[in-house]
Ligand SMILES: NC(=O)c1ccc[n+]([C@@H]2O[C@H](COP(=O)([O-])OP(=O)(O)OC[C@H]3O[C@@H](n4cnc5c(N)ncnc54)[C@H](OP(=O)(O)O)[C@@H]3O)[C@@H](O)[C@H]2O)c1
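In this note's numbering, the protein residues as written are 10 to 313.
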């Protein structure tokens, strides 16, 4: 198949491209020019813009991951607009091209995030949840999803993966969390009761491949492991995996001072469960946190 992927140079995209290019012809949309070849290899094709395309007739599947990093920078109005525009405008452009195609891609697989649910209490949430908390992350994800779902037709199925906290060593939150834990200064954030819905990077890549390969899959899927934990448990497990003490606590006010509203990403949470992936027959290699962390932290980074 010929697969067009946006965000293919990112933390998730690089892992996914490495798998996809074994069997498929991969085209990556990237602003990074020749650096994208350095990251991904010369056996992918890199394009720098969709502007010169009139259709996607020769593309079989589109995978849409691109977006400004959500946890980077303070969420002032300009940054919020960047976070939204980098996802919404590109998704809109992809969907327009799909609609202009005579032989459109048979699938659009588009990223979203568990931020769609907003801050929630401890109750498990599957894809049927109809009471999201209507804060910024919900607004961002909700429009991102609606724009992608507009590509849906008899010829094109759309799958949305609401991704949780991705655990890997080559990007995402985990490498940033490790330094204080390694010196014994790690600990829960705020009250520590907020739920962390995480997923091992290998399972996330396998979930994307599963949605790609199963033509009967469409609609919203939660991309999280089946056993979310609260922040205190997460922190305890991380310290234990590193064989370090777990004595500190990071007060909410300190995070709010450093990050402003973006501290919500750390201080609030939601217990998200992957009901539709599991119902569709997907099996997790790392369903529980201790195994996921020991797989990541007991081996050199190149093996992740
Ligand atoms: N990692 C997580 O824990 C997590 C959790 C939930 C949801 N997600 C979502 O999953 C997607 C992929 O995540 P990731 O961790 O792989 O992200 P990442 O490492 O930050 O990579 C995102 C990619 O998007 C592209 N991009 C960034 N800003 C852009 C802009 N302004 N315009 C166009 N393209 C832009 C970049 O590609 P180029 O520089 O090559 O153009 C970059 O490689 C993101 O949309 C993210 O929100 C991730």
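Think of the CB as a built atom: it goes at the ideal place given N, C-alpha and C, for glycine as much as any other residue.
Reference residue i, options the options, closest by Cα
{"i": "residue 203", "options": "274, 10, 137", "result": "274"}
{"i": "residue 37", "options": "29, 291, 56", "result": "56"}
{"i": "residue 29", "options": "266, 221, 209, 80", "result": "221"}
{"i": "residue 128", "options": "186, 224, 280", "result": "280"}
{"i": "residue 114", "options": "73, 122, 135", "result": "73"}
{"i": "residue 262", "options": "249, 276, 53", "result": "276"}
{"i": "residue 19", "options": "306, 64, 177", "result": "177"}
{"i": "residue 240", "options": "17, 206, 13", "result": "206"}
{"i": "residue 121", "options": "130, 93, 106", "result": "93"}
{"i": "residue 101", "options": "42, 34, 156, 162", "result": "156"}
{"i": "residue 158", "options": "71, 208, 285, 213", "result": "71"}
{"i": "residue 148", "options": "41, 97, 181", "result": "97"}
{"i": "residue 135", "options": "51, 164, 228, 248", "result": "228"}
{"i": "residue 62", "options": "185, 106, 223", "result": "106"}
{"i": "residue 299", "options": "259, 260, 242, 139", "result": "242"}
{"i": "residue 91", "options": "46, 145, 141, 60", "result": "145"}
{"i": "residue 185", "options": "125, 67, 80, 143", "result": "80"}
{"i": "residue 291", "options": "141, 219, 21", "result": "219"}
{"i": "residue 60", "options": "50, 99, 130, 252", "result": "99"}
{"i": "residue 163", "options": "304, 259, 224", "result": "224"}
Cβ-heavy atom distance, residue i to ligand 1, below 7 Å
{"i": "residue 22", "result": "yes"}
{"i": "residue 56", "result": "no"}
{"i": "residue 299", "result": "no"}
{"i": "residue 216", "result": "no"}
{"i": "residue 296", "result": "no"}
{"i": "residue 175", "result": "yes"}
{"i": "residue 18", "result": "yes"}
{"i": "residue 78", "result": "yes"}
{"i": "residue 49", "result": "no"}
{"i": "residue 82", "result": "no"}
{"i": "residue 172", "result": "yes"}
{"i": "residue 1", "result": "Residue 1 is absent from the model: the chain starts at 10 and stops at 313."}
{"i": "residue 95", "result": "yes"}
{"i": "residue 220", "result": "no"}
{"i": "residue 266", "result": "no"}
{"i": "residue 99", "result": "yes"}
{"i": "residue 196", "result": "no"}
{"i": "residue 199", "result": "no"}
{"i": "residue 180", "result": "yes"}
{"i": "residue 275", "result": "no"}
{"i": "residue 75", "result": "yes"}
{"i": "residue 248", "result": "no"}
{"i": "residue 120", "result": "yes"}
{"i": "residue 45", "result": "yes"}
Cβ pair residue i, residue j closer than 8 Å
{"i": "residue 270", "j": "residue 84", "result": "yes"}
{"i": "residue 75", "j": "residue 15", "result": "yes"}
{"i": "residue 257", "j": "residue 306", "result": "no"}
{"i": "residue 210", "j": "residue 173", "result": "no"}
{"i": "residue 69", "j": "residue 132", "result": "no"}
{"i": "residue 231", "j": "residue 166", "result": "no"}
{"i": "residue 117", "j": "residue 217", "result": "no"}
{"i": "residue 213", "j": "residue 238", "result": "no"}
{"i": "residue 255", "j": "residue 196", "result": "yes"}
{"i": "residue 294", "j": "residue 191", "result": "no"}
{"i": "residue 264", "j": "residue 198", "result": "yes"}
{"i": "residue 48", "j": "residue 88", "result": "no"}
Cβ-Cβ separation, residue j to residue i (assumed contact under 8 Å), whole Å
{"i": "residue 297", "j": "residue 236", "result": "5 Å"}
{"i": "residue 103", "j": "residue 64", "result": "11 Å between Cβ atoms; not a contact."}
{"i": "residue 17", "j": "residue 39", "result": "7 Å"}
{"i": "residue 246", "j": "residue 302", "result": "6 Å"}
{"i": "residue 233", "j": "residue 283", "result": "5 Å"}
{"i": "residue 53", "j": "residue 26", "result": "6 Å"}
{"i": "residue 201", "j": "residue 244", "result": "7 Å"}
{"i": "residue 77", "j": "residue 95", "result": "4 Å"}
{"i": "residue 226", "j": "residue 168", "result": "6 Å"}
Which runs of the alpha helix (DSSP H) spanning at least 4 residues fall entirely within the stretch 92-167, listed in chain order?
145-158
To test your reading of the DSSP string, which unbroken alpha helix (DSSP H) runs of 4 or more residues are found completely within the stretch 193-257?
210-222, 240-250
Any alpha helix (DSSP H) of 4 or more consecutive residues that is wholly inside the stretch 262-297:
273-276, 284-288
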